[in-house]
Structure formats: structure tokens, C-alpha cells
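Its first residue numbered 4, the sequence shown is counted upward by one per residue in my numbering. One structure is given below, encoded as C-alpha cells.
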Amino acid sequence: GIITTDVMARGLDISDISHVINFEMPEYPELYMHRIGRTGRADAKGTAISFFTKREEDFKTDIELLMNQELLVKDFPEEVEISLKLIGPEKDKQPIKFLMKKQKLDGDGAFHEKSKKNTKVNLGGPSKTKKKTHGSVNRNMLKNQAKKRKDK
């Protein structure tokens with residue numbers, strides 16, 4: 004016998020494999036085809052046995068659609084002792100705690116007083132704070148005014 008992964012199963016070409024046993028159903032039906040394709044080569048007969056849980060029922064349905072054939076389902080024998088200990092895929096995934104916490108907002112959200120460091124004193128804007136210049140100086144006008152004063 005040999006135990007292998009999906010990656011290894013694609014590259015292996017071992018003759019005379021009579022049985023393939025899937026202890027969990029693959030998520031993609033194509034992987035199932037690769038797995039069971041190891042058996043029954045060159046017109047030989049082969050058997051594929053697959054164990055699946057209620058969670059994997061959809062995977063089984065997808066495989067049946069791809070193969071255009073129903074898989075024969077048999078109940079697990081009662082005389083086999085079933086462990087209540089869950090393995091990795093059977094366990095519920097634990098939520099990440101920090102993502103589940105609702106953030107507490109101080110105040111009323113967007114409608115709150117600004118913090119003291121962020122408040123600004125209104126100085127009236129640039130028109131009040133900059134020193135006024137009475138416009139640009141027209142040199143020609145200044146010359147004319149000076150000339151008139153001299154003539155007087």
C-alpha cells in the first residue's frame with residue numbers, strides 16, 4: 004500500500020493499483036478524478052472508497068456532476084467505533100478575536116467637540132493679519148505729482 008497527497012498522486016504512475024481510499028473529499032472535482040484515476044488503468048477494474056462528512060456533501064455532488072454518474076453511498080457500519088474527537092477539517096474555525104470586537108466610540112461619532120490641540124484661534128484671515136500696502140506704486144504718477152509741486 005501507499006499513502007500520498009494530491010500533488011504526489013498526479014506524478015505517480017504505479018501499475019496494478021486496485022483500490023484508492025479517500026479519507027476526505029477534495030474541494031475540486033478534478034482532484035477526485037486524478038485520485039481515482041490511479042486505479043483501474045488499462046482496462047483493469049479498480050475500486051475507489053471515499054469517506055465524507057455532511058460538510059463535504061457539496062463536494063460529492065460536484066464530483067457526481069463532473070462524472071455524470073451518482074456515487075454509491077453506504078452507511079458507516081454500526082459495529083465500527085466512532086471517535087468523538089474532531090480532526091482539523093471537522094473543527095469549526097475559531098474567529099479572530101480582534102476582528103470580532105466592536106469598537107467603542109467616545110462621544111457621538113462625527114458630531115463631537117474638537118480636541119484642544121486642534122482648535123484654532125480666528126485671527127481674521129490674511130486681510131487682517133498682513134500689513135496693508137496701498138496697492139502697487141505707479142512711478143509715472145509720482146513723477147507727475149512731483150513735477151506739479153515744483154511748478155507751483
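Glycine is no exception: its CB is placed at the ideal position from the N, C-alpha and C atoms. As the structure is a prediction and not an experimental result, all values here were calculated from the model.
Tell whether a beta-carbon distance below 8 Å holds between residue i and residue j.
i     : j     : result
MET36 : LEU69 : yes
SER53 : ASN25 : yes
Under three-state DSSP, which class holds residue i?
i      : result
ILE24  : strand
ILE85  : coil
ILE52  : strand
ASP46  : coil
LYS150 : helix
TYR35  : helix
LEU74  : coil
PHE79  : coil
ILE6   : coil
ARG41  : coil
LYS94  : coil
ASP19  : coil
LYS155 : coil
GLU59  : helix
GLU67  : helix
Just to check my reading of the structure: residue i and residue j have Cβ atoms closer than 8 Å, yes? What is that Cβ distance to the nearest angstrom?
i     : j     : result
PHE62 : MET28 : 4 Å
LEU34 : ASP9  : 5 Å
ALA51 : VAL23 : 5 Å
ARG41 : ILE20 : 5 Å
Using a Cβ-Cβ cutoff of less than 7 Å, which residues in the same chain neighbour residue i once the five nearest sequence positions on both sides are dropped?
i     : result
ASP65 : PRO32
Given the structure, does residue i come close to the ligand NAD, in the sense that its CB is under 7 Å from one of the ligand's heavy atoms?
i     : result
PRO29 : Among the ligands in the structure shown, none appear at all, so the ligand NAD cannot be discussed.
Excluding five sequence neighbours on each side, which residues of the same chain lie with their C-beta closer than 8 Å to the C-beta of residue i?
i     : result
ILE85 : PHE79
Runs of 4 residues minimum, wholly inside the region 112-148: which ones carry the alpha helix (DSSP H) assignment? 129-132
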